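Notes to accompany the following structure.
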Amino acid sequence: DTLTKDERYARTREYIRIVKKIWTTHEPFDHEGDHYRFHDFVSDVFPIQQPRPNVSFGGSSPAAYAAGGAEADIYCLWGEPLERTAEQIEAVKTAARAAGRTDTPRIQVAFRPIIAPTEELAWEKAHRTVGAIRERGAAGLKRRHRTGAPENTGSQRLLAIAEAGERYDRALWTPTSAATGGAGNSNALVGTPETVAQALLDYYDLGVDILSARGYDLLGDAIDFGRYVIPLVREEVAKRDAARAPQSLAAVNG
1370 DTLTKDERYA RTREYIRIVK KIWTTHEPFD HEGDHYRFHD FVSDVFPIQQ PRPNVSFGGS
1430 SPAAYAAGGA EADIYCLWGE PLERTAEQIE AVKTAARAAG RTDTPRIQVA FRPIIAPTEE
1490 LAWEKAHRTV GAIRERGAAG LKRRHRTGAP ENTGSQRLLA IAEAGERYDR ALWTPTSAAT
1550 GGAGNSNALV GTPETVAQAL LDYYDLGVDI LSARGYDLLG DAIDFGRYVI PLVREEVAKR
1610 DAARAPQSLA AVNG
């Protein structure tokens, strides 16, 4: 692919716009764009989900914000400190407004939870986890990612955050990200179920709509997260939403 990064994102933006129109248009139409051109096209297959499926998008560069802010229904981010996450959310919203949208993408943030019944046990588990990653050289991840400095902005951000410090906010821990070379969703939330749930709620309060979690022990962590963290988060989100409802109604009536 000989296009520059910005050109590739512009092409992606055009492609998403075309696909959304294909999903919702039952009459033949033409398209004359910078990257795609066709005439008299209509699809024979349409989605069951109406009016169309949601489009999820991710990226941490200005070009990504511009494309995803303009076209995405859900904008996905890797877990970063609260301050950095707030900056990214604002960048996405700014891009959406610049594209003429009256709404903004919902925000999704992903983490790797490391939980245990006590804080001490959780941190012991965290250090065992990062030790295991280092011992195997993150072999599985390095097969999918080039060695050396990553080219993508998201991984560069994760490594810069890890270099600046190991612990942020309530429970964010960066050595797992550093050990994997910033390979994707790799920052951990460490602590008891209560601590991790409160950390997730900090992001919800920041404006995150979708909280994504995947442990380093895929099955065991999924079971523990489902049993002990999700119920706490759901309960607190319900309380927050109930408290906000009268305020929203007052704003509408006011």
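Remember, the working numbering sits 1369 above the position in the sequence shown when you count from 1.
Ideal placement from N, C-alpha and C gives every residue a C-beta, glycine not left out.
In this text the structure is predicted, and so the values were computed from the model without any measurement.
| query | result |
| --- | --- |
| Local conformation of Ala1557 per DSSP, three classes | strand |
| Inter-residue spacing [alpha-carbon to alpha-carbon] between Pro1615 and Gly1553 | 39 angstroms |
| Contacting residues, own chain, Cβ-Cβ under 6 angstroms from Tyr1384 (five flanking each side not counted) | none |
| Leu1558 versus Ala1467: straight-line alpha-carbon distance, rounded | 34 angstroms |
| Inter-residue spacing [alpha-carbon to alpha-carbon] between Tyr1597 and Pro1562 | 6 angstroms |
| Selected residue, minimal CA-CA separation from Asp1574, among Arg1453, Arg1609, Asp1472 | Arg1609 |
| Top-ranked residue by Cα proximity to Arg1470, from Ile1579, Pro1486, Arg1613, Glu1440 | Glu1440 |
| Arg1497 versus Leu1451, Tyr1444, Glu1520, Thr1545, residue with shortest Cα-Cα distance | Thr1545 |
| Per-residue DSSP class, three states only, for Leu1588 | helix |
| Counted within 10 angstroms of its Cβ, other Cβ atoms place Glu1535 as buried (16 or more) or exposed | exposed |
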